[in-house]
Amino acid sequence: MPGNYKIYVYAAAFALASWWLLLLNETEQASLLPGAEVHSPDYFSNGYTKWEMGTNGQLKNKLIADEMKHFSDDGTIHLTNPVMTLINEAAPPWIIKSETAKVSGDGKLIFLNGKAVVQREGAAGVRPMKINSSNLRVRPEESYAETDEWAELLSPPHRTEGVGMQLNYGDPIRVKLFAKVRGKYEFKKK
Amino acid sequence: MNLRKNKGFFWGIWIAMAMYSPIGYSLKSDAEQPVYIDSNAANYDNNTEISTYTGNVISTQGSLEVKSDKLVVYFKNGNVDKLVATGNPARFKQQPDNGGEITGKALTGEYYPEQSLLILINEAVVWQDGNTYASDIIRYDSKNAIVKAGEQTSDSKRVRVILKPKGQ
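These protein sequences, in sequence, are chains X and G.
If you read the first sequence in my numbering, its first letter stands for residue 63, the second for the next number, and so on.
If you read the second sequence in my numbering, its first letter stands for residue 57, the second for the next number, and so on.
Listed below in structure tokens is the structure:
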């Protein structure tokens, strides 16, 4: 009799597992019905370039990327190896690079994922500046970027690094570092 | 020579020693080193060309070390013009190539890297080998380890110097 009891237990467990798998399969099929929302790109582009002009008709910024994917469910744009050039009439442009990027549906928030570089060349009266960091959150309309990660500010021959950064790259440029800050300042040899 | 004149003569010597007193050997290698600054937080304003470091600030240039609550770095045309350390008090020390460690404190310390000049302001005191220099303002030449206490232009800036007698 103990042997027969085990058979009933195994049979019941098998029936329960079969019912659960059937339920999972039905749920998956229901989600794939036409019209159901799926997080997949509705259009994409390779060798993507986007130009944005200001109200004066002049180039405001330029974005290039190896690959662009647009997702219809949340309106986000996903970019691979993006390079954004932000034009400034009074100074050389800011160039922002990252490994990948995600632009929110309304375009007001950009996540720069992986290694990110924010750079501006020097010019007459303008010091060159480069910021190495990662996983930046950028609000382009406010010329503002922040990260919780390590960041390095290079303005040759000086260097400052820290963990956690808020950057205003408009005019004037302001940088805040929040922890483990280390600065290095070099002087001209006499 | 009466006693009154003698007293004046000796005070004159003490003050002269305080005004210009080499208390170590040259530290030219320190002056050629970069300045490193460690702190809890910092911010930089490109408009004013000022970097401000706050929270347990330790700045070093070779063997020269300054500890302060806050350090402000002033730039001029991209080059460091001066560094101002404040604390309650800010403290500094430097190890000469030969001789004992030089230490000091003040509420404010202004450092001019081009001249290797550290100016200690308010409740300023410098010690070395048992000798003490105290004044409202002390100028310390960190390249040549020279202390200048008080202001030559003002008799009101009192200087106290305690020199350890030889043999102690």
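Ideal Cβ positions, reconstructed from N, Cα and C, are used throughout, including at glycine.
Interface with chain X (8 Å Cβ-Cβ cutoff): residue 154 of chain G is excluded. For residue 133 of chain X, the enclosing beta strand (DSSP E) covers residues 121-133.
Ranking G:126, G:100, G:89, G:94 by CA distance to the CA of residue 216 of chain X puts G:100 first.
By the beta-carbon neighbour count (other beta carbons within 10 angstroms, threshold 16), residue 102 of chain G is buried.
Using a Cβ distance threshold of 8 Å, residue 230 of chain X and residue 221 of chain X do not count as a contacting pair.
Using a 10 angstroms sphere on the CB of residue 80 of chain X, the tally of other CB atoms stays under 16, which defines it as exposed.
Taking a Cβ-Cβ cut-off of 9 Å, residue 193 of chain X has no neighbours in chain G, whose nearest Cβ is about 11 Å from it.
Shown here, residue 76 of chain X sits in a helix according to DSSP, grouped into three states. Shown here, residue 202 of chain X sits in a helix according to DSSP, grouped into three states. For residue 132 of chain G, the CB contacts under 8 Å within the same chain, skipping 5 residues up- and downstream, are 105 in chain order. Interface criterion met: the Cβ of residue 97 of chain G is under 8 Å from a Cβ in chain X. Proximity of residue 101 of chain G to chain X, defined by a Cβ-Cβ separation below 8 Å, is satisfied. In the three-state reduction of the DSSP assignment, residue 185 of chain X falls in the strand class, which pools E and B. The continuous stretches of beta strand (DSSP E) do not include residue 169 of chain G, and DSSP gives it neither H nor E. DSSP places residue 101 of chain X in no beta strand (DSSP E); its state is neither H nor E. In terms of Cα proximity to residue 164 of chain X, the closest of X:151, X:145, X:154 is X:145. Assignment of residue 185 of chain G by DSSP, reduced to helix, strand and coil, places it in the coil class. Taking a C-beta cut-off of 8 Å against chain G, none of the residues of the stretch 129-144 of chain X qualify. Partner residues in the beta bridge of residue 176 of chain G, as assigned by DSSP, are G:165, G:194. A Cβ-Cβ contact shorter than 8 Å links residue 162 of chain G with residue 176 of chain G.
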